[in-house]
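In our numbering, the protein residues as written are 5 to 271.
Set out below in structure tokens:
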């Protein structure tokens, strides 16, 4: 509070344009608003809230979410929040292997959260109940270790001694076709270990599929996905690239962001 007062003593008006920190209740994002005359959102903050808010409250349909990354546990709340809003949910990245194992499919040495298998099953059942199309990879780029020089192959069934490190060409086609039908697309998380060229193709091709759907509103959030669309050279074709990693995730989870609430209370 003392620091917030010191900050507030420097100005009469406070403008917060840092959406990326809006999920944190700090002196510089929340505390300061209690001690200035007026607070307001900056233009970037306004744009973030407009795009993400529209996607979560009244998206144009079909609404498709693409989630990737390593862990189901990082995205549980997002998946549960999106399941009641989306028409289709596409899952890639290492988190897909937890769902595939929950379905009884062989995943070899792929990264799996064994303590989340029941939860994965529960999510699959919930999607079915709500008539949400739940798309998982149908083929995989595999290797025996994560390395730039690793020998890779594309398989439908992952052998015991190998691990899935990217989605295969059939999955790319399946996901791209679904994306082409969307009117609203939210993407958070890569499809594989895209930082290494042998495992980058899936992520880059999905990035192109999102960018090629010119009629859709496309929102990309999270550091890895943002890096991917930039590396794929399609950033200028995305409707909105979110500057918030944790903030955009929490917004998609349906949480109120302290930095935004503070502005709303002191207009």
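Heads up, the beta-carbon is just placed ideally off N, CA and C, and yes, glycines get one too. Model, not experiment: these values are computed from the prediction.
- Around the beta carbon of residue 165, fewer than 16 other beta carbons lie within 10 angstroms, which makes this residue exposed.
- Where residue 43 is concerned, the enclosing beta strand (DSSP E) starts and stops at 42-45.
- Taking C-beta atoms as the reference points, residue 48 and residue 17 fail to come closer than 8 angstroms.
- Counting along the chain, residue 222 sits inside the beta strand (DSSP E) bounded by residues 221-225.
- Counting only residues of its own chain and dropping the five nearest sequence neighbours on each side, residue 51 has a CB closer than 8 angstroms to the CB of 244.
- The beta carbon of residue 227 sits closer than 8 angstroms to those of 249, all from its chain and outside the five residues before and after it, given in chain order.
- Beta-bridge partners of residue 92 (DSSP): 68, 137.
- With contacts defined as CB atoms closer than 8 angstroms, residue 193 and residue 73 qualify as a contacting pair.
- By the criterion of a C-beta distance shorter than 8 angstroms, residue 187 is surrounded in its chain by 63, 64, 65, 66, 67, 219, 220, 221, once the five residues flanking it on both sides are discounted.
- Contact annotation, residue 189 with residue 223: C-beta distance approximately 7 angstroms; criterion of less than 8 angstroms satisfied.
- The Cβ atoms of residue 263 and residue 102 lie no closer than 8 angstroms to each other.
- Less than 8 angstroms divides the Cβ of residue 91 from the Cβ of residue 136.
- In chain order, 75, 76, 77, 102 place their CB closer than 7 angstroms to the CB of residue 117, counting only its own chain and leaving out the 5 sequence neighbours on each side.
- By the CB criterion at 8 angstroms, residue 175 and residue 141 fall inside the cutoff.
- Membership of residue 253 in any beta strand (DSSP E) is not indicated; the residue belongs instead to the alpha helix (DSSP H) covering 250-256.
- Residue 11 and residue 246 have their C-alpha atoms roughly 27 angstroms apart.
- Out of 30, 37, 31, the CA that lies nearest to the CA of residue 19 is found in 37.
- Residue 158 is bridged by DSSP to 145.
- Taking each of 21, 7, 41, 201 in turn and checking the Cα distance to residue 15, the smallest one comes out for 41.
- Ranked by Cα distance from residue 149, the options 126, 71, 115 are led by 115.
- The beta carbon of residue 123 lies closer than 8 angstroms to those of 76, 80 in the same chain, with the five residues before and after it left out.
- Residue 86 sits away from residue 100, with the two beta carbons spaced by 8 angstroms or more.
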